[in-house]
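The next block holds one structure in the form of structure tokens; read it before the comments.
Residue numbers (full-length UniProt numbering), protein chains in the order written: chain F, 1 to 404; chain B, 1 to 404.
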């Protein structure tokens, strides 16, 4: 009798991502460009690494005093402390009150996986999640797979060509009492004082639980404090919230996939209860988080000179992004490309919307071998002095010769 | 109106582990010893690191050609390949047939978390798990939390004072058709040829799915191939199975928590389906596994000279463990301690049962400040020339002055 396979009813899973990159790699055309990389690129077209990181890697590898024992499930204490201070400021009152804590998380999904497991278990009366971000986020699937009802929205208004704060108010209006709001890069929204007051007042009234996503603090304005100032507003208004802080991108250690899940509670007692439950989930997920990334970050953040050098390297990245965007806008203006291109420089961060129609985007891919995602949100750090002219000319062509 | 906390109904989670270590640390007695560390200790009483690892850490940190991009969700391909070859042999037929694959997993729980999620989804008609190992394992909780019915057994027979293969046959008899068997360190069992044939025949008839745990290949006999020879038997008999291979302990890079989940299928097509589904779970769990540990291991395994040096360092560890056990046995014999102590040298590996009664173990902790777990399974690498006399004398005292 032939053995029946255990896997006989297991179908091939659908590919979720990476197909654009695959097509790009298979393209034989010499002047092909991929503008959809997730990581920040340097001027030479390689993944950016903060200039302070390589020497710290070497220093750590040479340090005979280091202990390579298992890290606790919570993670490295010094790393968590340094990350929280980065997010909220060293002399933050809520940190002093011991009502902010965190757990070391793994990879770009780790913090959402951990937070979602907690909410699934301890917020059973409300399993509805609204995800509002600049683009469709991968963590939507995490909540969905766990059985949450998930609604996703983008901040981008494609007709007005802007990051539109009104979208969040529209979503808030329809959201039911007690749901979870996963919000990406809120500081990109540039809300006015009145809008902040209104936002928090509605969220408070509806008892909405915020779960913020901070994928790359410092990459929005180049100023670490400025990028996360909105967290202070939520602290002041006595919100309790979660926050996924990834620290891989802003240090350029993508391969070490490191971050923390931040927990803000009304007092220390509540915080300790929440952290203790999160710890049981972390034990089942990985038991002991890998430490290399956390060691690099902690070494840099705890040394004022190194921290300054790192901040400077972040500033340079943001200045370079602004310069590229300015150049793209200026070149389009000189070419006389129809339309206003202010939206390019109005958006912050590495990834921004080009504001092109689906047909125009399709034209770039198929006719010009410029690989852009269907959303039209590209990584501007993939544009450099070697490819900017070809890319801008191609955008001009796409606008002129393709449907809007 | 005072704000009600989101966390108001969240209780403090029970502490699962670490309480013995906590009591040990709080003990002011100067001659206190902790014999329950999870990691292998060197002769100086520090966590063992393979002598080849530090120079590779340095080499990696200095390598300008390395790419620090996000690793794919599957993990580093070269690392997976090298790990599979370590487990099954380089010229293994099943590897050549492309019916063995793996995913890079994180921490000591990662592979079980991933495998359990797969079995939960794709083996819904049988959610019963038997865990048979040298001791109570943490992954019992992973399966339990996911809703499996979990039964746990230890290979240790405390009346016969031996690792008892009959236990697995007793468990097999009561186990229902189609259940999952999570089996730890099976090579410790020293089954006879006939017992192997019988074991596999029953498992095949009952369509039991094996999920092997290989926490530290090479630490049992000092010979990597010998330690996992039983996997070849299961391959030959056309079993499909999972295997959690941890690579943190046998390289001494505990802080990098690195391993793989191995999948063995009847053919390549079935393997690809299983891997594709596992990949979707890995994406939700961590998306991109940290690479430092995988880089260290791959560098060592792909270089024949380094691999030989590493194997030699493993052999030395095992020789040292055997020497410590011999010394403990001999010293007990010289003291005239009642009882046979052959079971100490009959057991393989770093962690072995002392074969003491609960009262005798309690005596060691409370009267002699020697911290041993309630199971009586201690880490023999925690015994060294500085503490062996005190420990052996204390065991003698415990046997003489405490209940058996």
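Where is the CB? At the ideal position from N, CA and C, for every residue including glycine.
Below 9 angstroms between beta carbons: does that hold for residue i and residue j?
{"i": "residue 212/B", "j": "residue 235/B", "result": "no"}
{"i": "residue 328/F", "j": "residue 102/F", "result": "no"}
{"i": "residue 271/F", "j": "residue 98/F", "result": "yes"}
{"i": "residue 419/B", "j": "residue 80/B", "result": "No statement about residue 419/B is possible, as the shown extent of chain B runs from 1 to 404 and does not include it."}
{"i": "residue 94/F", "j": "residue 260/F", "result": "no"}
{"i": "residue 107/B", "j": "residue 127/B", "result": "no"}
{"i": "residue 374/B", "j": "residue 358/B", "result": "yes"}
{"i": "residue 138/B", "j": "residue 109/B", "result": "yes"}
{"i": "residue 315/B", "j": "residue 222/B", "result": "yes"}
{"i": "residue 133/F", "j": "residue 194/F", "result": "no"}
{"i": "residue 243/B", "j": "residue 214/B", "result": "yes"}
{"i": "residue 248/B", "j": "residue 50/B", "result": "no"}
{"i": "residue 37/F", "j": "residue 379/F", "result": "yes"}
{"i": "residue 210/B", "j": "residue 183/B", "result": "yes"}
{"i": "residue 168/B", "j": "residue 346/B", "result": "no"}
Tell me whether residue i is buried or exposed, calling it buried when 16 or more other Cβ atoms sit within 10 Å of its Cβ.
{"i": "residue 29/F", "result": "exposed"}
{"i": "residue 67/B", "result": "exposed"}
{"i": "residue 11/B", "result": "exposed"}
{"i": "residue 351/B", "result": "buried"}
{"i": "residue 454/B", "result": "Residue 454/B lies beyond the stretch modelled for chain B, which goes from 1 to 404, so this question has no answer here."}
{"i": "residue 15/B", "result": "exposed"}
{"i": "residue 304/B", "result": "exposed"}
{"i": "residue 62/B", "result": "exposed"}
{"i": "residue 22/B", "result": "exposed"}
{"i": "residue 284/B", "result": "buried"}
{"i": "residue 326/B", "result": "exposed"}
{"i": "residue 240/F", "result": "buried"}
Between residue i and chain B, is any beta-carbon pair separated by less than 9 angstroms?
{"i": "residue 60/F", "result": "yes"}
{"i": "residue 381/F", "result": "no"}
{"i": "residue 310/F", "result": "no"}
{"i": "residue 349/F", "result": "no"}
{"i": "residue 138/F", "result": "yes"}
{"i": "residue 184/F", "result": "no"}
{"i": "residue 167/F", "result": "no"}
{"i": "residue 67/F", "result": "yes"}
{"i": "residue 288/F", "result": "yes"}
{"i": "residue 316/F", "result": "no"}
Hey, is residue i close to the ligand FAD, as in C-beta under 8 angstroms from one of its heavy atoms?
{"i": "residue 39/B", "result": "With respect to the ligand FAD, the structure shown offers nothing to examine, as it has no ligands at all."}
Looking at the C-beta of residue i, does it have a partner C-beta in chain F at a distance below 9 angstroms?
{"i": "residue 164/B", "result": "no"}
{"i": "residue 240/B", "result": "yes"}
{"i": "residue 293/B", "result": "yes"}
{"i": "residue 280/B", "result": "yes"}
{"i": "residue 108/B", "result": "yes"}
{"i": "residue 270/B", "result": "yes"}
{"i": "residue 142/B", "result": "yes"}
{"i": "residue 441/B", "result": "Here chain B comprises residues numbered 1 to 404, so residue 441/B is not present and cannot be evaluated."}
{"i": "residue 94/B", "result": "no"}
{"i": "residue 27/B", "result": "no"}
{"i": "residue 176/B", "result": "no"}
{"i": "residue 360/B", "result": "no"}
{"i": "residue 227/B", "result": "no"}
Between which residues of its own chain and residue i is the CB-CB distance below 6 angstroms, once the five residues before and five after are set aside?
{"i": "residue 309/F", "result": "52"}
{"i": "residue 187/F", "result": "220, 227, 230"}
{"i": "residue 39/F", "result": "47, 254"}
{"i": "residue 353/B", "result": "156, 376, 377"}
{"i": "residue 150/B", "result": "129, 140, 143, 144"}
Quick one: what's got a C-beta closer than 7 angstroms to residue i's C-beta in the same chain, skipping five residues either side?
{"i": "residue 24/F", "result": "32, 34, 371"}
{"i": "residue 76/F", "result": "104, 291, 294, 298"}
{"i": "residue 348/F", "result": "188, 220, 221"}
{"i": "residue 71/F", "result": "288, 289, 291"}
Keeping to the same chain, check which residues put their C-beta closer than 8 angstroms to that of residue i; ignore five residues upstream and five downstream.
{"i": "residue 333/F", "result": "341"}
{"i": "residue 279/B", "result": "73, 74, 103"}
{"i": "residue 233/B", "result": "196, 200"}
{"i": "residue 405/B", "result": "Lying outside 1 to 404, the shown extent of chain B, residue 405/B is not represented and no answer is given."}
{"i": "residue 319/B", "result": "222"}
{"i": "residue 399/B", "result": "337, 338, 339, 356, 360"}
{"i": "residue 176/B", "result": "126, 128, 206"}
Can you pull the chain A neighbours of residue i, defined as C-beta to C-beta under 9 angstroms?
{"i": "residue 341/B", "result": "Absent from the structure: chain A. Protein chains present are F and B."}
Three or more C-beta pairs under 8 angstroms: does that hold for the segment 136-153 of chain F against the segment 82-91 of chain F? no
Is it true that the segment 290-298 of chain B meets the segment 277-295 of chain F, where meeting means three or more beta-carbon pairs spaced less than 8 angstroms apart? Yes, the segment 290-298 of chain B is in contact with the segment 277-295 of chain F.
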